[in-house]
Amino acid sequence: MTERRTRKRRTMFERDTELTAVDEALDQLTDPGPDAGGALLAFSGPAGLGKTTLLGEVRRRAHAKACTVLAARGGEQEQSQPFHVARQLIQPQLAGTSDAELREALGSWYSIVGPALGLCAAEQGAPPDPQGLRDGLDWVLTHLVVQRAPVALVLDDAHWADPESLSWLAAFAPRAEHLPLLLVVAYRPDELPAHAEAFRTLPGRAGHRPLTLAPLTAEAVSGLVREAVGEHADEAFCREAWAVTTGNPFEAVELTAKVRDKGLAPVEASAPLLRDLAAAQRGSGLVARLHSLGPSTVRFAWACAVLGTDIPRDLAARVAGLGTEEAVDATRRLRDARILSAAAEETAADEADEAGLEFVHPLIATAIYRAIPDALRVALHGKAAAAVVDAGLGPSAAARHLLETHPENDPWVVRTLREAAGENLRAGAPEAARRQLARALREPPDFDERAAVLYELGCASLLTEPANTVNHLRAALAEPFEDPALRQGIVIRLAQVLSHSDRLAAASECLAREIPHTQDVRGRLRLQSEQFMWDAFNAAEPDSPARSRRLAKLADRLSGRDLTERYVIGLRAWDACLRGEPVDVVLHHAGRVLETEFSWAYEDRGFEVPVLVAMVHMYADRPERAEELFEAGTAEFERQGWRGAHLSFAYSLRAYIRYRRGRLAEAEELARAGLRLAERVGRRTPVHWYAIAILVTTLLARGRADEAWELAREHEYGEPFPSAVVFPDSQTVYAELLLARGQAKAAAAELEAVDRRLTPRGIQNPSWCPWRLHLARAVAGEDPARARELAEEAVRRARAFGAASGIGQALRVAAEVAAPRDRAALLEEAVQVLSASPAAYELALALAALGEERGDAELLLRAVAGARACGADGLVARAAAALHVLGGTLPRGTVADQDPAPAR
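Position in the sequence shown counted from 1, then plus 11, gives you the numbering used here.
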């Protein structure tokens, strides 16, 4: 970052409290003992109260204590340039690093954070999600801090920082106390954006809230005046200086400089002149003073105000329409007038010529920018856009200027904004891309380009404005254009955003309307595969059996020669699993999909089908294969920087696999990790439903029903349930929770609703959704005959599917509701079947039930051992209590030696 330059360091008046806080924080940061640690310091105050001077002193003192200093400043003109502040902080620390060294330093984060920080070009492929990018920036900054400790990070004018950088730093700020990092920010409190509220509310290590800078007292202004013009300045003169500047340090410094430059005697007789001198430093007075310097100097100052901060003089000259000599002369005049900062005393003349130009204070830059006539300001932004592109700074640097121009039907503007949006989208700044594409649309684009711009705008706003995305994509489809690939892309993206907005029926209808009009055979198959997928997730699909028949007919004649065919075959495997077709059929189709590489991160595909193919292996009692696929998919998500919904799904479903294997402690840990990620995405989103359902199921298995109930209440888990298919089924899990709380009637009502929802769709596999088994338990007290009928039907369907874990569970519950004479035989078969399955928790349940039924202490001992190995604490207590009733004991060391059936 280029610091504002001053001729010399002045005395800081009435900032002892702030400097004491800085010294304490730096002492704590650099303490070699165990009490060393970081802190957050925030300074707030209106413009001109000395925040920049104070932060300059922070940097000086940090350097004096051998700290690495990372410095950045927000800019009023650069707010729309994503990661502008983040680049100022991190780029200088990696300057001069070769690409190979950079790849080694950043590791797997290279392709995720590199484009955002301007360190490398974005690679082709799907961009990282915003959360993944923030995680990557967290890693890079943490890594730098640890490597170059102690570190002072100083951010000036935080209220003008770009949203992407500011939201990241605000979220990162609490970590400062746990790192060798002093994070110091300064901002104007009335202009701090909502997403940076953390700076306003977080206390530092010493309990500091943001320190508010106060105007200087009359005594301090007197000291400042006498330091500048001499100790002979009389009291009346000094008091008038305080009155006309209202104690504002910037105005007081500028006033004293003007007094010195004009040779004004600092006596009482001169005091009445101070008001006019002060007025010349701001507003109309400043503008009038600028105009007195001549038209070429005025144009140069306007160009600088448009360009912002750290301004290359040759670039400003081009925007102003000046030659090199004129630009040099204008720079000198503006420095003499204290409008542009003078070069630091230690800077050589040639270095000063190369250094970027800066205004003495943002107040001056703002006043000059706002004084530019409107039409001329717009024209200057247009010239600046062309100039930065010609200077090789790229379309993203030009885009912030084009956002300030008026539409003129210019193809170059549209092209530049589209290129900038593409860069920003791939770099992980979709909101910036959305602004740029919206502006491109107003230019407007050529007739045959409008659909493409609308499509790109829809892609950019997908995560932040789904409703507007739908409108943009529908508008794109309404445009007359001839590109069939573009039309297919628009339709697929529209179906995707409708589905993710819980409008699955609308997504299917959108695809159904397009399929008959698609001439290309492969294109039509792609649209069909998308429709099959969203129909599979639609819990209210009107004719699921007919769709299943069409899917089976199509998939069975496909060879799997390309990705689209394999997606169709993968959906066939999932549909067969839901409907309870034999395990061999399900695994046959899943195997066809996986004959060649099947990525979870194709740019133009969702990850849903790869997840479904992995899950059928779990239901088919192949959890090791399911975990292999999930581990590979999770690694792909992390490499892509997809650390929001994608990673939450991966963690939650891996937790479900561990639950089905009876590894409940591991399942709980993964489920909680999935829930933490889901909370970032938002409550009552699909990923949130998955996370809660799996965590509740796991807690119930561990015997913590009350905790599960509190979790459900906290997250509003209940009616209305999502219209998308969730596994485990949300309403069934809720009914199971009610059963655990003894609310059998309420549970039965929920399960009857599940029956009405799933049975017409042909979803009959109890291994996927054991609603019949739970309903049998719920009605057993009042209608034992119906309970037995439900359980028997579940056993029949589980046998038809053929997964041992599902058969064993169905037999165990059937025994629970069966006539006393039939229970033992059912439980014996359940134990036998489950012993050959990977379902260790289900086996422990069956052992406990059989041990209780027979009064067999040895079986109960095995049940206790199995339950302990699974982490099923409630079952351990139940089986141990039953063993105690039989007079059995649990000798120390005995249980650990009794191994349950191996969990495969």
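Note that CB positions come from ideal geometry on N, CA and C, so glycine has one too.
Take the alpha-carbon of T108 and the one of P634: they are about 45 Å apart. When beta bridges are read from the DSSP output, L222 appears opposite F54.
Pairing R293 with L374 gives a Cβ-Cβ distance under 9 Å. When the five nearest sequence neighbours on each side are left out, the beta carbons in the same chain lying within less than 8 Å of the beta carbon of P204 are those of H170, P174, L177, in order along the chain. Boundaries of the alpha helix (DSSP H) around D546: 532-548. L474 has its alpha-carbon roughly 19 Å from the corresponding atom of A431. By the 16-neighbour rule on beta-carbons within 10 angstroms, S233 is buried. DSSP places F370 in the strand class (E or B) of the three-state scheme.
Two segments are said to touch when three or more pairs of C-beta atoms, one from each, lie closer than 8 Å; by this definition the region 178-188 does not touch the region 124-140.
Taking E369 as reference, the option from S352, Y380, R381 with the minimal CA-CA separation is S352. Here DSSP, grouped into helix, strand and coil, assigns D385 to helix. The beta carbons of A551 and A587 sit no closer together than 9 Å. For I322, the three-state secondary structure derived from DSSP is strand.
Collapsing the DSSP output to three states places V124 in a helix.
Taking 9 Å as the cut-off, the Cβ atoms of A850 and R650 do not count as close. Selection G403, G439, P455, D201 evaluated against L428 yields P455 as nearest (Cα-Cα).
L856 sits close to R823, with the two beta carbons spaced by under 9 Å. Per DSSP, reduced to three states, the secondary structure at A746 is helical. Note that the C-beta distance between R199 and D168 is below 9 Å. Within the same chain, and ignoring the five residues on either side of F24 in sequence, the residues whose Cβ sits closer than 7 Å to its Cβ are L227, A231, G234, L235.
The beta carbon of V844 sits closer than 8 Å to those of A815, I818, G819, L822, all from its chain and outside the five residues before and after it, given in chain order.
Between A440 and F94, the C-beta gap is smaller than 9 Å, which places the two residues in contact.
Three or more Cβ pairs closer than 8 Å define a contact, and the region 87-101 falls short of that threshold against the region 49-67. Following the DSSP letters along the chain, one finds T153 inside the alpha helix (DSSP H) bounded by residues 141-158.
In this model, D38 and T31 are separated by some 10 Å (Cα to Cα). Judged by DSSP in its simplified three-state form, D167 adopts strand. Contact check for D595 against G813 passes: the beta carbons are separated by less than 9 Å.
By alpha-carbon distance to A252, the top candidate from V264, H243, E242, G241 is V264. Excluding residues up to 5 positions away in sequence, A239, V240 lie with their Cβ nearer than 8 Å to the Cβ of R271 in the same chain.
Distance check between P323 and each of L404, A75, Y852 places L404 closest, using alpha-carbon atoms only. By the beta-carbon neighbour count (other beta carbons within 10 angstroms, threshold 16), V278 is exposed. DSSP places R114 within a helical segment (H, G or I) once states are collapsed to three.
Taken in chain order, the whole beta strand (DSSP E) runs of length 3 or more contained in the region 802-876 number zero. In this structure, Q104 lies near L155, with their beta-carbon atoms less than 9 Å apart. A residue is called buried once 16 or more other Cβ atoms fall within 10 Å of its Cβ, and E606, having fewer, is exposed.
Under the three-state reduction of DSSP, R84 is assigned to strand.
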